[in-house]
Every structure is written in structure tokens, then in C-alpha cells.
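Here it is as C-alpha cells:
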């Protein structure tokens, strides 16, 4: 579960607790003689609080969380209801005490809602609080003090929570970048390179094009460390990484697989040409040599109706063939290139031209929305789960790949939604809606759009 989603769930629980406690306090207040003014105002406030508590608790118990629209509606009712309750209290001192409760909803909005929602709630609560304080003040001078106190009580906690939220979002992005990047060289690691390779492989299938994978290994690197020390070895890795990046064609993906091994995947460029460029550059600019194994990869031409690719399987196949060639280069004397066997990606016939991963993602979106609005959620979940299983099955030919496909698609959609939530300051529903609209407008699958969004988020600003 993403950080934004967890905060939304906690916000829903906090909202349910707030309205429940408010209803209980108002109901208990009727047992205190003289607490309320005579008339309908306190009666209306109490009734509103009870109804609101029942509605919010019911939604949270039923669905697990409030949607952004539900939060805005119930939050506005809670703020207005609190102000009405404060007006109905006879003692001005008690009125100011209740007035402090106006801060709760703006703070909850600042924790997970879009900026415009948090600003609207803060303005509403500050305005109502100021009006109540001025109305309860005993003199004109006290009016200004009361207004300032009301603004401070509402605005300061909201600013603190919003600042904390932004800081946590920034930390989350940084940790995500670190998790996908090799710290020493600044290159992508295996986890970070997968989304980019997915896009390259799908493009190759769609265009019936060939891509090349090259595994590059520094020769005698253990001797470098043993002779000159690990600090020198680290500098050597950095130097080789920079040289590889400058030598490969534009659009190629460069990653560090671990140790002294690097991976280069390129399209529209012969593997031998890429390898020769890297080999010459390392010879000229670095104090070490490298052995390179390269292998071509291309899709099967049996049919052109489906481009479903298992990224992990494809990547493993490319690396394995190129790795074998790299070891052949080492056994042949090092500081040279060896060409490995080709890798062929097979495509299965599928009656639906919709990308299978997009079908999985679209089903997940519907599953999420149906869960929130369905009157019979158990039946809706069961039906959609069956459909989800069907589209996952259509994406692959065996159970092992089925579950890999399911997990990778779910993770992609969840991570992408979290990124959009942070970038737009929106809730999960709005983020999913934006993704669906963008995928339709661009004419690409939802799964592919998610890969693009996640890949772009890896680039430091």
C-alpha cells in the first residue's frame, strides 16, 4: 500500500473518530443544565452531529476509507456543524473551547487532500472561528485579539502538517530514486532498469525491430582492488561508467548489474557497433580494459496480433546470452568482444488487440471504483476478481508467468498512482481518473503509460 493511500485511510479513521466524539459530546451536553441557549440551534447542531457520525462511520466500516468527495462533503458539514454548536452554547468561554475544534478538519485535509481542498477548509474554518470569537468578545480591542488567536489556532497546525507532508513526499521520492539507482556510479540498477527495458521491448515487438544487449565486465578487477585498494577500485568503476555512457548511442539504456558488470541495451544500433565504441573508449580513457558480450534480441514473426511480453523473462534471456558471450571474450584473452546467440521473443495469438497488461490495470481500476460505490460489494468483488484472473491468464501461457504478470502490473499501477497523487496533490480517485484520461488521449495502454510516468520520475530534478 502506498504512503498516500495509508494516510488517506488514517485520515478516514480520524474523521470518523472526530464526528463520533463530537456527537457524543453534544449529546452529553444536554445533561448539563444551562449549557445551551434555548431554541432550535443546539437541537439542529446535535441532530446534524449524530447523523454525520452515523454516515461517516458507516462509510468507513463498509469501504475502509472516505473518497475525496465524501471527505469534502462530510468535512464541510463537520466544520459548519461545529460553528452552529458553538453558537448554541450559552457561556462565551465554552464557545471559544468548541471553536478550537474547527482546526481538526483543515488539519486532516492538509494531511492527504489536494492543496485547493486544504486551503478551502482552512479559509472556512478560520473565517467561522474569527466570526465566533468576535461575536463572543467583550470589547472592540478584544475583537482583534480574538480574531488573531482564531487565525493562529487554525492556520499554524495546518501549515505544520502540510510542511510535514511535503517533506515526507520528498523523502519518499528520494528513497525511491536511491532504490532504483546505483549509488556509486549513478547508473540505474536492475530494479530501475526494468521499466525502461519494458518500453524498449514493447517498441521492438510493435515495430518488429531488433534490440541489442551487451554485458560489459572490467578485466582483472580483483587485481585492481588488491593492488591499489578499494578506493581506487571505486574510482575505476566510476570512470568506466562515465566512459560507457558517453560511448553508447543516444537512447541506449545503461545499468550496473553489480560488481564490475554493466549492461547496455540499445535499439536501432547493431550490437557489434555499440560494443566496439565502448571497447575503444575504455581503452583510450580508462586505466583498465573490458570484455564485452553482445547478443541480438528480436520478436517472433509468427503473428502480429499481440505484443504481450514478460519483461523479467525477456531481460533474463538477453542477459544470459550476452553473459555467455562475455565469458567467451574473457576466455579468448580479454579486452575483446564476443557475439552471442540471438534471443527470440514469442508472441501468442490473442483475439483482443488490447494490451493484456492494460486489461489487468483497467480491471483493477474498475475493481477499486466498484468497491467504493457498490451496494453489494462482496458480489462485485467476486465477479471482478474472476475477470481479473481471466485477463491475467490471457496475458501468459503458464501459472508462473501469470502471477509475475499480475504482481508487476499491480505494482506498476500502484506506484504510478502514488506518483501522480504527489505531483498533482490529488487523492487516489482523481489520480486514477487522470491516468485513464491521459492513456485514452495519447492512444496508449494504461500499463505503458504507467511505465512512462515511473521512468520519468527516476530523473532527478
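Numbering (my numbering), first residue to last: 9 to 469.
A virtual CB, placed ideally from N, CA and C, is assigned to each residue, including glycine.
This structure is a prediction, so every number in the text was calculated from the model and none was measured.
- If only uninterrupted alpha helix (DSSP H) runs of at least 4 residues are considered, those enclosed by the region 28–77 are 49–71.
- In the DSSP assignment, residue 269 falls outside any alpha helix (DSSP H) and within the unbroken beta strand (DSSP E) covering 269–275.
- Listed in chain order, the beta strand (DSSP E) elements of length 3 or more contained wholly in the region 228–271 are 261–266.
- DSSP places residue 295 in the coil class of the three-state scheme, outside both helix and strand.
- Distance between residue 292 and residue 324, taken at the CA atoms: about 31 Å.
- Proximity to residue 216 across 276, 225, 238 peaks at 276, based on C-alpha coordinates.
- When the Cα atoms are used, residue 23 and residue 63 turn out to be separated by approximately 11 Å.
- Taking the Cα positions, residue 270 is about 15 Å away from residue 346.
- At the C-beta level, residue 220 and residue 278 come within 8 Å of one another.
- Annotated as proximal: residue 248 and residue 290, with beta-carbon spacing under 8 Å.
- No Cβ-Cβ contact shorter than 8 Å links residue 142 with residue 134.
- The beta-carbon distance between residue 110 and residue 91, rounded to whole angstroms, is 7 Å. This is short enough to meet the 8 Å contact definition.
- DSSP places residue 119 in the uninterrupted alpha helix (DSSP H) bounded by 112–120.
- Ranked by Cα distance from residue 50, the options 34, 446, 21 are led by 34.
- The three-state reading of DSSP puts residue 167 in helix, counting H, G and I together.
- Around the Cβ of residue 38, a 10 Å sphere holds fewer than 16 other Cβ atoms; the residue is exposed.
- Taken through DSSP and simplified to helix, strand or coil, residue 343 comes out as coil.
- Under the three-state reduction of DSSP, residue 307 is assigned to strand.
- For residue 221, the enclosing beta strand (DSSP E) covers residues 219–226.
- Residue 105 carries a helical assignment under DSSP once its states are collapsed to helix, strand and coil.
- Rounded to the nearest whole angstrom, the C-alpha separation of residue 246 and residue 170 is 39 Å.
- Of the residues 25, 212, 227, 73, the one whose Cα lies closest to the Cα of residue 57 is 25.
- Around residue 329, the same chain offers 303, 348, 349, 351 as residues with beta carbons nearer than 6 Å, after the five sequence neighbours per side are excluded.
- In the assembly as shown, residue 305 is a buried residue. Its beta-carbon has 16 or more other beta-carbons within 10 Å.
- Distances from the CA of residue 61 to each of 82, 163, 157, 198 were compared; the closest alpha carbon is that of 82.
- For a cut-off of 8 Å, the C-beta gap from residue 255 to residue 196 is around 17 Å, too long to register as a contact.
- In terms of Cβ geometry, residue 173 and residue 118 form a close pair [threshold 8 Å].
- Residue pairing by DSSP places residue 302 opposite 222, 347 in a beta bridge.
- Less than 8 Å divides the Cβ of residue 342 from the Cβ of residue 227.
- A distance below 6 Å between beta-carbons, with the five flanking residues on each side excluded, links residue 132 to the following residues of its chain, in chain order: 87.
- The beta-bridge partner set that DSSP reports for residue 196 consists of 189, 263.
- Judged by their CB atoms, residue 244 and residue 232 are nearer to each other than the 8 Å cut-off.
- Our two residues, residue 47 and residue 162, have alpha carbons roughly 29 Å apart in a direct line.
- Inter-residue distance for residue 259 and residue 288 is about 20 Å (C-alpha atoms, whole angstroms).
- Sixteen is the threshold: when 16 or more other Cβ atoms of the shown chains lie within 10 Å of the Cβ of residue 125, as they do, the residue is buried.
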